[in-house]
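S.K.: Once you've had a glance at the structure underneath, I'll fire off some questions.
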Amino acid sequence: MIEEQISPNWGLLVYPGVTRKEIKEYVLDSRWQEFRTSLLGLPSSVVFLRLIEYTRQFGESVPRSVQVQVTNYVNALKRGGKI
Numbered sequence: 000m001i002e003e004q005i006s007p008n009w010g011l012l013v014y015p016g017v018t019r020k021e022i023k024e025y026v027l028d029s030r031w032q033e034f035r036t037s038l039l040g041l042p043s044s045v046v047f048l049r050l051i052e053y054t055r056q057f058g059e060s061v062p063r064s065v066q067v068q069v070t071n072y073v074n075a076l077k078r079g080g081k082i
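For the sequence shown, numbering that gives the first Met the number 0 gives the first residue as 0, with consecutive numbering after it.
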């Protein structure tokens, strides 16, 4: 049986209107930095799933700080050619 590979929809993790000011304000949060560091070296599919889990822990009301952190991380992966 041939298994289909499903590409992660990274767009689910990009929130609108993130500003540089917000990035400076939120990305140095120690909890975020610890989580972000835990993603280093993992396959992109695992990173995607962990980021989804990270955002879903807040239910329907993902805090703006988390929206900014995750969006910035995903955009950095894009800029770096990782995704």
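Even for Gly, the Cβ is constructed at its ideal location relative to N, Cα and C.
(1) Taking Cβ positions only, does Val69 come closer than 8 Å to chain D?
(2) Mark Gln68 as exposed unless 16 or more other C-beta atoms lie within 10 angstroms of its C-beta, in which case mark it buried.
(3) With C-beta atoms as the reference, is Arg49 less than 8 Å away from Leu39?
(4) Excluding sequence positions up to five away, which residues of its chain have a Cβ less than 7 Å from the Cβ of Ile82?
(5) Quick one: is Gln66 buried, meaning 16 or more other Cβ sit within 10 Å of its Cβ, or exposed?
(6) Could you tell me the alpha carbon to alpha carbon distance between Val73 and Phe57, rounded to whole angstroms?
M.R.: Quick look at the numbers:
(1) Chain labels in this structure do not include chain D; a single protein chain is all it has.
(2) Counting from 1 along the sequence shown, the entry for residue 68 is found at position 69. By the neighbour-count rule (16 or more Cβ atoms within 10 Å), Gln68 is buried.
(3) Within the sequence shown, numbered from 1, the residue matching residue 49 stands at position 50. Within the sequence shown, numbered from 1, the residue matching residue 39 stands at position 40. Going by C-beta atoms, Arg49 is not nearer than 8 Å to Leu39.
(4) In the sequence shown, the residue the question calls residue 82 occupies position 83. Same-chain partners within the cutoff: Trp9, Ser43, Leu76.
(5) What you label residue 66 is simply residue 67 of the sequence shown in a count that begins at 1. Gln66 is buried by the Cβ-count criterion.
(6) Residue mapping note: residue 73 aligns to position 74 of the sequence shown, counting from 1. Residue mapping note: residue 57 aligns to position 58 of the sequence shown, counting from 1. C-alpha separation (whole angstroms): 19 Å.
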